[in-house]
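Have a look at the structure below before the remarks.
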């Protein structure tokens, strides 16, 4: 099958496929970061994570429409405001959900799964009623269109590069918050030993609420970034939720580094395989490989040893 | 030997009431179209029944029951499809004698794995064995390594996703997103006219009661009590010398086989099978049937399935927008307020009053009572 291509062509194909894999990687990392915090740190299975992400996407869409109508001169910069709004909206909804629903269910992780699934159905229907069943796409500012010419046969779309840079920034930010800040230390303390953390004066309920809010907020930002590369519909979030859970589980639930490594390996495998076979078979093979490895190594790539 | 009885008195009454309801009341009061709808709902009741054993008693939440429902359904549908695509029926195709979707996808001969499905005996064996062995493999791989709880749920979900993508992607071999449609006859007997639907309904109810009896047997045997003990305190059971993994594998396989029988019934009663019954969304919806009925109650699961599906049909006919809100709210309400579902409400509020009415006349029967097994939500 390689006979028709010269060596240089093959090189460019691999670079382009690799780049497509990197965009997929960015989406996975952005979604998985929030999920890794909620599932890895709190043990809550948040099936509504995709819907929190889509909320961020809709907020971005509304912001872009607002800027287009009322502030066309500032349109090129709307995205940064939209991202902050998406974070606030999803984070606030997340904290509300934690207060109403999740906090009653910490002892029953399987039930959080069912309850958040119910929540996701309601949110989907709410999006459908409010924004319509059709997918919406935001208009990109001028500077994000077009692509960079790296060589004659390799072109890199600017919006993809932008999403990747954003991913790196957000990942660094989350890592800083989780591992360097006082609040991050409190979160990790609560994870490792809830009772002791409470005994030394950490308000564990408050930490839980803000952790859940942060995870959902990051999902909102992920949705915001998602609008740069795809369109948004009421059920777009559901498409990614299982993949994202696999990314988190494959990486080792409580490890940020593991999440990134597994997102990278899964996305690269999938996009490389897509070159050799149909998209659906590539996905089937990738997921099968992940499930197979998980059966051999259930704790994931990077496991954190915690005394239960 | 009260321990080894399959039923206590109230359970026996419950089963008889259900039997009268399904065999006498529904066929007499509903027209054939509605009865066929009930038949469709009852195919999900098989899945819900399996989940009672696996999730309610064993504490293993599988979010991939659609996989087994689909495997059973596809096995049955493959047999029916082959019979419907005889050479006379398909002579306008470029390759007569193969299913129509294969012809559309430029496949010129019957694939090897389709060939055994010419035989009904093989098909029936496959309906039981294919999902059973598949569940055995997944279960062995997971439970022997002590993977359980949420991880297991996520992995079964991934399996459901994989199978759906595979079925949709391999259109030439599986019929793709449309599934297998236009199923006509079973061994020359037309399954489409009204009287056939009625016969199939009764056949299905018969199978359902066989499954109920198996579930009752599991529940009242020593096996069932070990399952419950395991759900409550896994380590203690392990330290007592039981192989926890084997019991979990068994419960998971039973649930898989029940789901597969349901799937086969679906293909027979509804007349088609498609990947929309395999994926994540239907799999989780099947869990809610069990949760609404009561995850610890065998009969509750069946009433729960019927109730949720009736609500779904009538709500989505009249207020299509409200249905997802209703279903979502149902998930949340069941989890937050009624962890034991309808059966819990019955046991907590209705049963005591009936008992009081009866006990004013005669003393209570001894032996197993519902509360000795069903007390409290399963601890995680």
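Residue numbers (full-length UniProt numbering), protein chains in the order written: chain A, 1 to 308; chain B, 1 to 380. Just so you know, even glycine gets a beta-carbon here, dropped at the ideal spot from N, CA and C. Because the structure is a prediction, the values reported are computed rather than measured.
Could you tell me how far apart the beta carbons of residue i and residue j are, in whole angstroms, since I believe they sit closer than 8 Å?
i, j, result
"residue 241 of chain A", "residue 50 of chain A", "4 Å"
"residue 329 of chain B", "residue 118 of chain A", "7 Å"
"residue 80 of chain B", "residue 183 of chain B", "4 Å"
"residue 72 of chain B", "residue 15 of chain B", "So it is not a contact: roughly 24 Å between Cβ atoms."
"residue 215 of chain A", "residue 251 of chain A", "15 Å between Cβ atoms; not a contact."
"residue 68 of chain B", "residue 291 of chain B", "Contact doesn't hold; Cβ gap of about 18 Å is too wide."
"residue 297 of chain B", "residue 337 of chain B", "About 17 Å separates the two Cβ atoms, so there is no contact after all."
"residue 49 of chain B", "residue 215 of chain B", "6 Å"
"residue 191 of chain B", "residue 268 of chain B", "6 Å"
"residue 58 of chain A", "residue 131 of chain A", "6 Å"
"residue 63 of chain B", "residue 335 of chain B", "Not quite, the Cβ-Cβ distance comes to about 15 Å (not below 8 Å), so this is no contact."
"residue 218 of chain B", "residue 226 of chain B", "10 Å between Cβ atoms; not a contact."
"residue 160 of chain B", "residue 66 of chain B", "5 Å"
"residue 101 of chain A", "residue 86 of chain A", "Contact doesn't hold; Cβ gap of about 21 Å is too wide."
"residue 294 of chain B", "residue 279 of chain B", "About 26 Å; that fails the 8 Å criterion."
"residue 326 of chain B", "residue 315 of chain B", "6 Å"
"residue 117 of chain B", "residue 171 of chain B", "Between residue 171 of chain B and residue 117 of chain B the Cβ distance is about 18 Å, and since that is not below 8 Å, they are no contact."
"residue 263 of chain B", "residue 70 of chain B", "6 Å"
"residue 268 of chain A", "residue 18 of chain A", "7 Å"
"residue 33 of chain A", "residue 218 of chain A", "5 Å"
For residue i, list the residues DSSP reports as bridge partners.
i, result
"residue 186 of chain B", "B/189"
"residue 180 of chain B", "B/273"
"residue 232 of chain A", "A/136"
Could you give the uninterrupted runs of the beta strand (DSSP E) lying entirely in the stretch 109–166 of chain A, keeping only those of 3 residues or more? The beta strand (DSSP E) runs lying completely inside the stretch 109–166 of chain A and spanning 3 residues or more are 147–149, 155–157, given in chain order.
Please identify, using Cβ separations under 7 Å, the residues of the stretch 233–252 of chain A that lie next to chain B, in order along the chain. Within the stretch 233–252 of chain A, contact with chain B at the beta-carbon level (separation under 7 Å) is assigned to 242, 245, 246, 249.
Would you call the stretch 106–120 of chain B and the stretch 27–46 of chain B in contact, with 3 or more CB pairs under 8 Å? no
Hey, which unbroken runs of the alpha helix (DSSP H) at 4 residues or more fall wholly within the stretch 124–154 of chain B? none
Return the chain-ordered ranges of every alpha helix (DSSP H) run that is complete within the stretch 215–300 of chain B and spans a minimum of 4 residues. Along the length of the stretch 215–300 of chain B, whole alpha helix (DSSP H) runs at least 4 residues long occupy 222–232, 234–239, 244–270, 280–293, reported in chain order.
Mind pulling the alpha helix (DSSP H) runs of 4 or more residues that sit fully within the stretch 83–130 of chain B? 100–104
Proximal residues, the stretch 287–300 of chain A versus chain B, C-beta separation under 7 Å: 287, 288, 291, 294, 295, 298
Output needed in chain order: residues of the stretch 148–165 of chain B with a Cβ under 7 Å from some Cβ in chain A. From the stretch 148–165 of chain B, only 149, 150, 151, 153, 154, 155, 157, 158, 159, 161, 162, 165 have a Cβ closer than 7 Å to chain A.
Touch test, the stretch 81–91 of chain A against the stretch 185–197 of chain A, Cβ-Cβ under 8 Å, three pairs minimum: no
Contact between the stretch 250–269 of chain B and the stretch 48–59 of chain B (3+ Cβ pairs under 8 Å): With the rule of 3 Cβ pairs closer than 8 Å, the stretch 250–269 of chain B counts as touching the stretch 48–59 of chain B.
Using a Cβ cut-off of 7 Å, which residues of the stretch 271–285 of chain B contact any Cβ in chain A, in chain order? 280, 284
Inter-stretch contact at 8 Å, needing at least 3 Cβ pairs: the stretch 257–274 of chain A / the stretch 90–97 of chain A: no
Under 7 Å (Cβ pairs) to chain B, residues found in the stretch 33–46 of chain A: 45
Would you list, in sequence order, the uninterrupted alpha helix (DSSP H) runs of no fewer than 4 residues that lie entirely inside the stretch 237–303 of chain A? 256–276, 279–296
Would you call the stretch 9–28 of chain B in contact with the stretch 229–249 of chain B, where contact means no fewer than 3 C-beta pairs closer than 8 Å? Touching, no.
Would you check if there are 3 or more beta carbon pairs closer than 8 Å linking the stretch 170–179 of chain B to the stretch 255–274 of chain B? Contact between the stretch 170–179 of chain B and the stretch 255–274 of chain B is present: three or more C-beta pairs spanning the two stretches fall below 8 Å.
What residues in the stretch 286–315 of chain B bring their beta carbon closer than 9 Å to a beta carbon of chain A? 287, 288, 291
Interface residues of the stretch 108–121 of chain A facing chain B [CB-CB below 7 Å]: Within the stretch 108–121 of chain A, those residues whose Cβ lies closer than 7 Å to any Cβ of chain B are, in chain order, 108, 109, 110, 111, 113, 114, 115, 117, 118, 119, 121.
Along the stretch 130–141 of chain B, where does the CB come closer than 7 Å to a CB of chain A? Name the residues. 141
Taking beta-carbon pairs under 8 Å, can you tell me which members of the stretch 97–108 of chain A lie near chain B? 101, 104, 105, 107, 108
Does the pairing of the stretch 147–160 of chain B with the stretch 35–51 of chain A give three or more beta-carbon distances under 8 Å? yes
Name the residues in the stretch 270–281 of chain A whose C-beta lies less than 7 Å from a C-beta of chain B; which are they? 278, 280, 281
Near-chain B residues of the stretch 70–83 of chain A (beta-carbon distance less than 9 Å), N- to C-terminal order: The stretch 70–83 of chain A vs chain B, Cβ under 9 Å: nothing.
Name the residues in the stretch 121–135 of chain A whose C-beta lies less than 7 Å from a C-beta of chain B; which are they? 121, 122, 124, 125, 129
4 or more residues per run - each alpha helix (DSSP H) lying fully within the stretch 12–37 of chain B: 26–29
Using a beta-carbon distance cut-off of less than 7 Å, what residues from the stretch 192–207 of chain A approach chain B? none
Inspect the CB distances between the stretch 218–233 of chain A and the stretch 26–38 of chain A and report whether three or more fall short of 8 Å. yes
If we count Cβ pairs, one from each stretch, closer than 8 Å, do we get three or more for the stretch 111–129 of chain A versus the stretch 95–103 of chain A? yes
So, do the stretch 53–73 of chain A and the stretch 123–139 of chain A have three or more beta carbon pairs nearer to each other than 8 Å? yes
The stretch 163–172 of chain B touching the stretch 283–296 of chain A, judged by at least three CB pairs closer than 8 Å: Result yes; three or more Cβ-Cβ pairs closer than 8 Å.
According to a CB-to-CB cut-off of less than 8 Å, which residues of the stretch 85–107 of chain B neighbour chain A? So nothing in the stretch comes that close.
Could you say if the stretch 34–42 of chain A and the stretch 196–213 of chain A meet the contact criterion of at least three C-beta pairs nearer than 8 Å? yes
Between the stretch 168–190 of chain B and chain A, which residues of the former have CB atoms less than 7 Å from a CB of the latter, in chain order? 168, 169
Complete alpha helix (DSSP H) runs within the stretch 182–219 of chain A (minimum length 4 residues, chain order): Runs of the alpha helix (DSSP H) lying entirely within the stretch 182–219 of chain A, each at least 4 residues long, are 182–192, 194–199 in chain order.
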